[in-house]
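Mapping of the sequence shown onto full-length UniProt numbering: residues 1 to 356, in sequence order. Idealized CB from N, CA, C, for every residue including glycine.
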Amino acid sequence: MALPSHGSNPHYLYESLNLSQPEQFIDFSANLNPFGPPPALQEKWTEAYELITTYPDPNASSLTSKLATQCHVEENQLLVGNGGAELITLIGRFLAGGRVCIVQPAFSEYEAACRSAGCDLIDHTLKDGEWQLDPEHLIEKMDHLDAIFLCTPNNPTGVVYERDSMMALLRESEKRNCFLILDEAFVDFLSDDATYAQAIPTFSKLIILRSLTKMYAIPGLRLGYMIAHSGIISSIKALQPHWSVNALALIAGELCIDQEDHMTKTCELIEKERRKLHQFFKENNYIHSTSSVNFYLLKDLNLDDQTPLLRFLMTNGIVPRHTENFPGLEGRWLRFAIRTKDENRTLMEVLGKWRR
Ligand SMILES: Cc1ncc(COP(=O)(O)O)c(C=O)c1O
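If you want it as structure tokens, here you go:
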């Protein structure tokens with residue numbers, strides 16, 4: 001059985017590795033807020049129940065208006081979707097048959113969406129271990145491209161690309177008529193405001209993707225949005241099924257984006273835990289990516305293929321994300337979410353056991 005193409009749903013990974021699933025395990029394979037959803041969401045749930053008896057607003061008007069205000073864009077520059085994943089699929093269809101470059105390693109759905117829309121794909125793979133953007137090489141390719149997919153903060157490395165490099169790419173994409181799709185699914189986990197949303201009015205080829213499922217730990221509800229010039233938004237909305245976003249997701253989104261304390265508390269925890277983990281990795285000879293967000297890549301330098309470590313961890317109730325299907329990584333790293341203090345401590349104990 002092939003390894004699953006995404007994190008979460010760990011039983012698939014246990015099954016594909018032919019390992020029995022221990023009674024207790026910790027899922028480090030999905031990059032979600034370790035605190036879970038904001039507590040206020042649970043309080044709202046009984047009230048929200050009655051919403052399932054009517055069709056949701058097909059225009060997601062109320063949430064769109066709130067998000068547009070938060071992002072300082074016009075309402076017609078924003079489209080709410082059934083998770084970032086739906087919007088990626090729609091962007092693939094918007095680019096149908098075009099020539100698209102994916103800056104790798106990156107979220108695998110860009111490739112899946114573009115492939116199913118008949119796009120001609122090329123990879124631009126960043127240097128292993130550093131994963132820093134090399135804008136001049138990417139710019140050289142732009143004249144022959146219709147679009148570039150770029151994920152910052154990057155999944156799976158957690159690396160944030162330098163602002164100067166990003167601005168150079170933005171300017172050149174405008175000049176060379178090449179869409180630049182920036183996936184900011186994890187931008188909420190950065191302590192500094194690192195979004196490029198403010199560049200939307202200036203750059204007509206820029207498309208920004210956001211997800212609400214990571215910071216607010218609501219992947220089961222499916223909720224994301226995109227920001228771009230109004231012409232792009234209306235073309236992509238025309239491809240979206242009616243009532244694509246359900247009523248519970250819409251109400252949850254409105255509530256979640258007001259929970260600033262939850263977000264601040266989360267970023268503080270992540271920062272603190274990341275420092276502890278880095279110290280442990282240094283002392284125990286593990287190499288990690290220079291991530292600025294809530295997950296990181298890790299490897300045991302003594303192994304080229306990390307499968308033996310993956311199997312050991314899974315047997316001991318720790319579920320990482322394998323990297324076999326990330327071009328540029330091909331199983332040479334494992335990805336871990338930063339979870340609660342106790343869960344990270346358990347991870348360090350098991351990694352310590354592997355060393356012994
Ligand atoms: C980089 C990135 N973008 C987008 C998504 C899609 O997120 P969702 O569909 O849950 O909003 C994911 C999910 O893992 C992701 O990692």
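Whole alpha helix (DSSP H) elements within the stretch 182-260, 4-residue minimum
230-237, 247-256
For V160, which residues from the same chain have a beta carbon less than 8 Å from its beta carbon, with the 5 sequence-adjacent residues on both sides left out?
T152, P153, N154, L190, A194, S292, V293
Smallest Cα separation from D300: which of T290, S289, N285?
N285
According to DSSP, simplified to helix, strand and coil, what is Q306?
coil
Cβ neighbours of L13 in the same chain (closer than 8 Å, five flanking residues each side left out)
Excluding positions up to five away in sequence, the list reads L3, P4, S29, M314, V319, H322.
What are the uninterrupted segments assigned as beta strand (DSSP E) that are 3 or more residues long and contained completely in the stretch 254-298, given in chain order?
286-288
Would the stretch 99-110 and the stretch 262-281 be scored as touching if the rule is three or more Cβ pairs under 8 Å?
no
For G81, three-class secondary structure by DSSP
Shown here, G81 sits in a strand according to DSSP, grouped into three states.
What's the call for R222, buried or exposed, on a 16-neighbour Cβ count within 10 Å?
buried
With hydrogens ignored, establish whether the beta-carbon of H6 is closer than 8 Å to any heavy atom of ligand 1.
yes
With a threshold of 8 Å, establish whether the CB of C256 neighbours any heavy atom of ligand 1.
no
Compare the C-beta of I26 against all C-beta atoms of chain C and say whether one is closer than 9 Å.
The displayed structure is made up of one protein chain only, and chain C is not part of it.
Examine ligand 1 and report whether any of its heavy atoms sits within less than 8 Å of the Cβ of A85.
yes
Measuring alpha carbon to alpha carbon, tell me which residue in S116, E15, M226, E75 is nearest L95.
S116
Using only the heavy atoms of ligand 1, determine whether one of them is closer than 8 Å to the beta carbon of D188.
no
In the DSSP assignment, find the unbroken alpha helix (DSSP H) run with R99 in it and report its ends.
No alpha helix (DSSP H) contains R99, which is instead part of the beta strand (DSSP E) from 99-104.
Per the DSSP calculation, C151 is bridged to which residue(s)?
D183.
Nearest by alpha-carbon distance to I236: which of D146, Q77, N18 is it?
Q77
Between the beta-carbon of G84 and the beta-carbon of T213, is there less than 9 Å?
yes
Could you tell me whether the stretch 134-150 touches the stretch 271-280, using the rule of 3 or more Cβ pairs below 8 Å?
Cβ pair count under 8 Å is below three, so no.
Flag R222 as yes when its Cβ comes closer than 8 Å to any non-hydrogen atom of ligand 3, and as no otherwise.
Looking for ligand 3 in the displayed structure turns up nothing; the ligands present are ligand 1.
Just to confirm the assignment, what range does the beta strand (DSSP E) spanning D120 have?
120-125
Does the stretch 54-63 come within contact of the stretch 246-261, defined as at least 3 CB pairs closer than 8 Å?
yes
Any idea what DSSP makes of A40, helix, strand or coil?
helix
Any heavy atom of ligand 1 closer than 8 Å to the CB of I88?
yes
Secondary structure of I91, DSSP reduced to three states
Reduced to three states, the DSSP call for I91 is helix.
Local conformation of R335 per DSSP, three classes:
Residue state, collapsed to three classes: strand.
Going by DSSP, what residue range makes up the alpha helix (DSSP H) through I139?
135-142
Does ligand 1 have even one heavy atom less than 8 Å from the beta-carbon of D128?
Within 8 Å of the C-beta of D128 there is not a single heavy atom belonging to ligand 1.
Pair within 9 Å by beta-carbon distance, I200 and I148:
no
For R321, three-class secondary structure by DSSP:
strand
In chain order, what residues of the same chain have a beta carbon less than 6 Å from the beta carbon of E343, not counting five sequence neighbours either side?
Excluding the 5 residues flanking it on each side, E343 has same chain C-beta neighbours closer than 6 Å at I26, in chain order.
So, for L87: in the same chain, excluding its five sequence neighbours on each side, which residues have a beta-carbon less than 8 Å away from its beta-carbon?
Sequence-distant partners of L87 (beyond 5 residues in either direction) whose C-beta falls short of 8 Å from its own C-beta, in its chain, are L79, G81, L209, G224, Y225, M226, I236.
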